[in-house]
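K.L.:
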Amino acid sequence: MKKFILPLVLVFSVVLTGCANIKSMRVNAQMKSAQKYLLEEDYEKAIVKLEKTIAIDPKNVDAYILLAKAYQEADMQEEAEEIIDKIRDINGVRLSSIQEEKVRVLDSKRIYSEILNNFYKTGIIGDVDELYWLDYVNEISSLEDDHIKYYYFTLEDVTGDGKDEIIIGEKYKSSSSEFGYICEVIKGRAVRIGYIDSYGMFTDNNLLVNSFVDSETKEEKTQVFGYYASIADFLILDKDKHSKEIDEAKEMIVNNKIKLKFDDIVTPLNPENIKEAVDKMSLKDIDSIDEEDKSSDNEESSTTNNKRKKKDKEVYEKWRSNFFKINEEYDGRFELMDITGDNRDELIVKLGDDGDSYSYIILGTLGNEIYILAASGNSDDFRMFEDNSILFVSENGDKSKQFEYYKYNRDIRRFYMEKAGQHREGDLEYLDKLLEKKVKLTGDDIDTELTKENLDVAFGD
Numbered sequence: 001m002k003k004f005i006l007p008l009v010l011v012f013s014v015v016l017t018g019c020a021n022i023k024s025m026r027v028n029a030q031m032k033s034a035q036k037y038l039l040e041e042d043y044e045k046a047i048v049k050l051e052k053t054i055a056i057d058p059k060n061v062d063a064y065i066l067l068a069k070a071y072q073e074a075d076m077q078e079e080a081e082e083i084i085d086k087i088r089d090i091n092g093v094r095l096s097s098i099q100e101e102k103v104r105v106l107d108s109k110r111i112y113s114e115i116l117n118n119f120y121k122t123g124i125i126g127d128v129d130e131l132y133w134l135d136y137v138n139e140i141s142s143l144e145d146d147h148i149k150y151y152y153f154t155l156e157d158v159t160g161d162g163k164d165e166i167i168i169g170e171k172y173k174s175s176s177s178e179f180g181y182i183c184e185v186i187k188g189r190a191v192r193i194g195y196i197d198s199y200g201m202f203t204d205n206n207l208l209v210n211s212f213v214d215s216e217t218k219e220e221k222t223q224v225f226g227y228y229a230s231i232a233d234f235l236i237l238d239k240d241k242h243s244k245e246i247d248e249a250k251e252m253i254v255n256n257k258i259k260l261k262f263d264d265i266v267t268p269l270n271p272e273n274i275k276e277a278v279d280k281m282s283l284k285d286i287d288s289i290d291e292e293d294k295s296s297d298n299e300e301s302s303t304t305n306n307k308r309k310k311k312d313k314e315v316y317e318k319w320r321s322n323f324f325k326i327n328e329e330y331d332g333r334f335e336l337m338d339i340t341g342d343n344r345d346e347l348i349v350k351l352g353d354d355g356d357s358y359s360y361i362i363l364g365t366l367g368n369e370i371y372i373l374a375a376s377g378n379s380d381d382f383r384m385f386e387d388n389s390i391l392f393v394s395e396n397g398d399k400s401k402q403f404e405y406y407k408y409n410r411d412i413r414r415f416y417m418e419k420a421g422q423h424r425e426g427d428l429e430y431l432d433k434l435l436e437k438k439v440k441l442t443g444d445d446i447d448t449e450l451t452k453e454n455l456d457v458a459f460g461d
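What the sequence shown shows, in full-length UniProt numbering, is residues 1 to 461, in sequence order.
(1) Hey, residue 36 and residue 65 are a contact pair by Cβ (cut 8 Å); roughly how many whole angstroms apart?
(2) Rank 336, 337, 322 by C-alpha distance to the C-alpha of residue 330 and give the top, closest one.
(3) Below 8 Å between beta carbons: does that hold for residue 379 and residue 360?
(4) For residue 395, collect the residues of the same chain with a Cβ closer than 7 Å to its Cβ; drop the 5 residues on either side in sequence, then sort them by chain order.
(5) Let me know the secondary structure DSSP gives residue 289 once reduced to three states.
(6) CB-CB under 8 Å to residue 111, same chain, minus the five flanking residues each way: which ones, in chain order?
(7) Just to confirm the assignment, what range does the alpha helix (DSSP H) spanning residue 269 have?
(8) First and last residue of the beta strand (DSSP E) that includes residue 416?
(9) Could you have a look at residue 64 and say whether DSSP puts it in helix, strand or coil?
(10) Among 274, 135, 170, 123, which residue has its Cα nearest to the Cα of residue 141?
(11) Hey, is the stretch 229 to 238 in contact with the stretch 444 to 451, meaning 3+ C-beta pairs nearer than 8 Å?
(12) So residue 457 is in the alpha helix (DSSP H); what residue range does that whole segment cover?
(13) Go to residue 122, then tell me how far its alpha helix (DSSP H) extends in each direction, as first and last residue.
(14) Mapping the DSSP letters down to three states, classify residue 442 as helix, strand or coil.
(15) Report the rounded CA-to-CA distance for residue 146 versus residue 362, giving the unit in angstroms.
(16) Hey, residue 262 and residue 180: beta-carbon distance below 8 Å or not?
(17) Between 344, 403, 288, which lies nearest to residue 304 when the distance is taken from Cα to Cα?
(18) Which residue wins for smallest C-alpha separation from residue 157, given the options 130, 284, 238?
(19) What is the rounded straight-line gap between the Cα of residue 416 and the Cα of residue 26?
(20) Which same chain residues, not among the five before or five after residue 149, have their C-beta less than 7 Å away from its C-beta?
(21) Pick from 183, 404, 236, 95: whose alpha carbon is nearest that of residue 209?
(22) Apart from the five residues on each side of it in sequence, which residues of its chain come closer than 8 Å, Cβ to Cβ, to residue 281?
(23) Across which residues does DSSP place residue 381 in a beta bridge pair?
(24) What do you reckon, are the CB atoms on residue 257 and residue 338 nearer than 8 Å?
(25) Do you know how far the Cα of residue 259 is from the Cα of residue 247?
(26) According to DSSP, is residue 339 helix, strand or coil?
(27) Taking residue 248 as part of the alpha helix (DSSP H), name the residues at either end of that continuous run.
(28) For residue 31, does the three-state DSSP call read helix, strand or coil?
(29) Helix, strand or coil for residue 24? Go by DSSP, reduced to three states.
(30) For a test of the three-state rule: what should DSSP assign to residue 149, helix, strand or coil?
(31) Relative to the alpha-carbon of residue 160, which residue among 206, 48, 286, 128 has its alpha-carbon at the smallest distance?
(32) Cα separation between residue 274 and residue 126?
(33) Mind reading off the beta-carbon distance from residue 455 to residue 313? Whole number of angstroms is fine, and I expect it under 8 Å.
(34) Output the distance between the C-alpha atoms of residue 411 and residue 347, rounded to the nearest integer angstrom.
(35) Assuming residue 46 contacts residue 70 (C-beta within less than 8 Å), just tell me the rounded distance between them.
As structure tokens, this is what we get:
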């Protein structure tokens with residue numbers, strides 16, 4: 001009897017392998033047919049083929065993704081969202097980063113709708129809280145109850161990545177003052193990536209141009225910003241290093257090659273307008289989604305540690321020199337330390353005269369560029385906790401405490417505001433819990449005068 005065991009095992013193995021191959025062939029055939037029908041815009045037949053594919057292979061994520069896409073193309077948004085929910089509930093399957101991104105893109109309309117409607121109800125959009133400092137915030141049921149500002153919005157791709165950003169415009173009710181800011185949706189969360197002033201505009205090649213009148217010289221000045229994907233931020237372009245891009249932006253404005261002006265942001269932010277705008281959204285083509293290297297913005301990945309430190313020191317020193325040339329009245333102190341875990345030192349700067357209240361700015365480098373990881377206005381208390389989260393606290397004249405709490409976000413290589421508080425119900429209790437955390441660095445610890453010589457010493461020179 002034993003002599004038959006091995007042949008039987010081999011037979012069963014061959015049968016199982018054959019079944020698996022047949023299943024794979026059937027799945028591939030259905031998928032190819034579905035893709036063909038999608039290209040032909042015959043969504044009904046594509047849906048049938050994809051449903052057959054899923055019946056054969058219930059854990060085929062790519063089939064679910066294409067099915068959600070087919071439903072969307074057929075203007076069946078509710079059905080598409082049901083499929084997206086099923087993808088997230090498939091047991092025992094871990095989505096690849098590409099699949100996760102495709103699902104987020106397909107779910108964009110729901111994500112944008114939730115972000116904007118939550119903003120309308122709470123005044124919070126991503127890492128921005130418009131209302132926490134108002135003493136009547138707990139009586140507010142929507143932005144329309146704000147006594148200070150009107151809110152407007154539009155959706156437009158201003159970074160060139162194929163998906164829309166949320167641009168918020170704000171106009172004060174008691175004056176002509178107005179401004180705006182841009183939020184990018186990253187992994188389902190809104191992130192503020194730049195500001196646009198009342199004379200600002202985006203050129204067709206996705207440069208942000210802000211114009212303003214210098215308060216001292218009364219001259220009109222122009223600043224041009226470029227988008228840096230690896231830190232999800234618009235950075236001002238240096239007139240020497242980026243003269244070509246700056247000239248190109250000015251020429252585009254002269255030739256009216258403008259994608260969006262601040263004056264175009266005129267749609268009042270309310271649920272009806274949110275629905276209309278989201279329904280009209282054009283989604284990024286999921287077939288174009290591939291692994292993205294977000295470390296490529298002028299970053300030299302092969303640079304040795306010593307060369308990188310030397311470059312960082314040069315960038316920080318240039319910022320120091322330029323800043324204090326303009327702001328001679330400031331007293332600057334600093335600490336140099338790695339607070340992000342990227343094996344590079346960030347520059348933590350404390351600004352202000354000797355006293356109780358200071359402003360803080362945390363700077364990092366991106367190749368030859370410098371950028372802000374976090375910043376505060378005047379703060380009476382600065383704390384960096386053991387987990388590298390940071391807290392700014394100010395005590396106001398009415399004895400209320402205003403605070404902002406940030407955590408480092410690796411996706412944007414910056415600190416993301418998790419919570420702002422002052423007058424909202426529960427804010428004080430939230431702050432009390434934060435103050436119980438173990439502290440790594442305080443404002444009092446930042447005591448070295450920010451000079452070139454001291455910066456050299458901090459870098460070990």
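Glycine residues also receive a C-beta, built at the ideal position from the N, C-alpha and C atoms.
P.N.:
Looking at the atomic coordinates:
(1) Looking up residue 36 in the sequence shown gives position 36. Looking up residue 65 in the sequence shown gives position 65. No, residue 36 and residue 65 are not in contact; Cβ-Cβ is about 17 Å, not under 8 Å.
(2) Translated into the one-based positions of the sequence shown, residue 330 becomes position 330. Ranking 336, 337, 322 by Cα distance to residue 330 puts 322 first.
(3) As a working mapping, residue 379 is identified with position 379 in the sequence shown. As a working mapping, residue 360 is identified with position 360 in the sequence shown. Yes. Within cutoff.
(4) Walking along the sequence shown from the start, residue 395 turns up at place 395. Answer for residue 395: 380, 401, listed in chain order.
(5) On the sequence shown, position 289 is the one that residue 289 refers to. If DSSP states are grouped into helix, strand and coil, residue 289 belongs with coil.
(6) The residue given as residue 111 occupies position 111 in the sequence shown. 104, 185, 188.
(7) The residue you call residue 269 lines up with position 269 of the sequence shown. Taken as a continuous stretch (DSSP letters only), residue 269 belongs to no alpha helix (DSSP H), as it is neither H nor E.
(8) For the purposes of this step, residue 416 is taken as residue 416 along the sequence shown, with counting starting at 1. That run of the beta strand (DSSP E) goes 414 to 421.
(9) To locate residue 64, count along the sequence shown from 1; it is residue 64. Of the three classes helix, strand and coil, the one that applies to residue 64 here is helix, per DSSP.
(10) Locating residue 141 in the sequence shown gives position 141, where the first residue counts as 1. Among 274, 135, 170, 123, the Cα nearest to that of residue 141 belongs to 123.
(11) no
(12) Locating residue 457 in the sequence shown gives position 457, where the first residue counts as 1. Looking at the DSSP string, the run of the alpha helix (DSSP H) that includes residue 457 is 452 to 458.
(13) As a working note, residue 122 is residue 122 in the sequence shown. Note, residue 122: alpha helix (DSSP H), 108 to 122.
(14) If you number the sequence shown from 1, residue 442 lands on position 442. Reduced to three states, the DSSP call for residue 442 is strand.
(15) Within the sequence shown, the letter at position 146 stands for residue 146. Within the sequence shown, the letter at position 362 stands for residue 362. Distance between the alpha carbons of residue 146 and residue 362: 32 Å.
(16) Against the sequence shown, residue 262 aligns to sequence position 262. Against the sequence shown, residue 180 aligns to sequence position 180. Yes, they are a contact pair.
(17) Locating residue 304 in the sequence shown gives position 304, where the first residue counts as 1. Closest option to residue 304, Cα to Cα, is 344.
(18) On the sequence shown, position 157 is the one that residue 157 refers to. Answer by Cα proximity: 284.
(19) By 1-based counting over the sequence shown, the position of residue 416 is 416. By 1-based counting over the sequence shown, the position of residue 26 is 26. If you take the alpha carbons of residue 416 and residue 26, they lie about 47 Å apart.
(20) Within the sequence shown, residue 149 is the residue found at index 149, counting from 1. Closer than 7 Å at the Cβ level, and outside the excluded window around residue 149, lie 170, 171, 172, 173.
(21) On the sequence shown, residue 209 is found 209 positions in, with the first residue counted as 1. Taking only the C-alpha atoms, the option nearest residue 209 is 236.
(22) Counting from 1 along the sequence shown, the entry for residue 281 is found at position 281. Here the set comprises 108, 109, 112, 155, 164.
(23) By 1-based counting over the sequence shown, the position of residue 381 is 381. DSSP lists 393 as partners of residue 381.
(24) As a position in the sequence shown, residue 257 is number 257, starting the count at 1. As a position in the sequence shown, residue 338 is number 338, starting the count at 1. No. Outside cutoff.
(25) Along the sequence shown, one-based indexing puts residue 247 at 247. Along the sequence shown, one-based indexing puts residue 259 at 259. Approximately 17 Å, taken between the alpha carbons.
(26) Along the sequence shown, one-based indexing puts residue 339 at 339. Coil at residue 339, not helix or strand.
(27) On the sequence shown, position 248 is the one that residue 248 refers to. Where residue 248 is concerned, the enclosing alpha helix (DSSP H) stretches over 243 to 254.
(28) The residue given as residue 31 occupies position 31 in the sequence shown. DSSP places residue 31 in helix when its eight states are reduced to three.
(29) Here residue 24 refers to the residue found at position 24 of the sequence shown. It is helical.
(30) Taking the first residue of the sequence shown as position 1, residue 149 is located at position 149. Three-state DSSP puts residue 149 in a strand.
(31) As a working mapping, residue 160 is identified with position 160 in the sequence shown. Comparing Cα positions, the closest option is 206.
(32) Taking the first residue of the sequence shown as position 1, residue 274 is located at position 274. Taking the first residue of the sequence shown as position 1, residue 126 is located at position 126. Each residue's alpha carbon lies about 17 Å from the other.
(33) The residue you call residue 455 lines up with position 455 of the sequence shown. The residue you call residue 313 lines up with position 313 of the sequence shown. The Cβ separation is near 7 Å, so the contact holds.
(34) Position 411 of the sequence shown, counted from the first residue, corresponds to residue 411. Position 347 of the sequence shown, counted from the first residue, corresponds to residue 347. Taking the straight line from one Cα to the other gives about 20 Å.
(35) Locating residue 46 in the sequence shown gives position 46, counting from the first residue. Locating residue 70 in the sequence shown gives position 70, counting from the first residue. About 5 Å separates the two Cβ atoms, so the contact holds.
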